[in-house]
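Structure record follows, encoded as structure tokens.
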Amino acid sequence: MNLVLYSGGRARDNRSLGQEVTKLLEHSSKPVLSFIPSDERDMEEDFAEFKAKFSSRRFRFRMVPIHEPLSPAAAKELLSSDGIFLGGGNTFYFLKTLRARGLLGRLKSYVKRGGLLMGLSAGSILMTPSIKTASVPSLDADDNYVGLTNLKAMGLVPFEFSPHYVPSREVDAELREYSARLDYPIYAAQDGAGIVVKNGKVRRVGGVAVFRGGRKIRLN
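Residue 420 is where the sequence shown starts when you use the working numbering, and the numbers rise one by one after that.
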């Protein structure tokens, strides 16, 4: 299983993660990366930012919007990509849309077959057991304007992910309190940092704090 979880930040801030993606795709001479935007608003701008992350590499890019149902041919093309990248945005809306399009299970199967799944912010949270970290910390919470009650995500990893982490007394207190209710850790990543899962092994890249059992354990 190969995954890359981005927090956020500019392309130059994420060079280390981009290098990890290149290594994971070195088996292909010119990999195809498919970008799934979280919604149709700003998707062209988001697609441009996605491509900028890999502008120095010999990748081919395509965008696969899902605000309308995918045709069987489009779904097949998406799932034949060397890598799939889930964009950032509102996590609740994104999960609801992926579920409505029947893509959650298909993306999990794609990963189990050896496909590389990547995500940015909301897209990274979707790989974890639950999207509850979209509401933690409260000062940077996503608005659940779609009224989603089933917050179960793909569950590809045994941890939750909190993007855009900026250490502070208030933020750390909320993450410690939430982690005390979990049986697994929370990885809180600063922008420019993230998580790489290669062949099932988890590795932190850049500034990533670990919260577990009500405690902040460390910061890379």
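A virtual CB, placed ideally from N, CA and C, is assigned to each residue, including glycine.
- Taking the Cα of D562 as reference, the smallest distance to any Cα among T510, P586, R595 and S543 is reached at T510.
- For the pair V624 and A607, the CB atoms are not nearer than the 8 Å cut-off.
- For E589, the enclosing alpha helix (DSSP H) covers residues R588 to S598.
- Looking only at P450, S474 and E459, the smallest Cα-Cα distance to I503 is reached by P450.
- P577 sits exposed, since fewer than 16 C-beta atoms from the chains shown fall within 10 Å of its C-beta.
- By the 16-neighbour rule on beta-carbons within 10 angstroms, Y564 is exposed.
- Looking at the DSSP output, N421 bridges to L535.
- Per DSSP, S447 lies in no beta strand (DSSP E) and is assigned neither H nor E.
- When rounded, the separation of the alpha-carbon atoms in L522 and F478 is 24 Å.
- In this structure, the alpha-carbon of P488 lies about 27 Å from that of N421.
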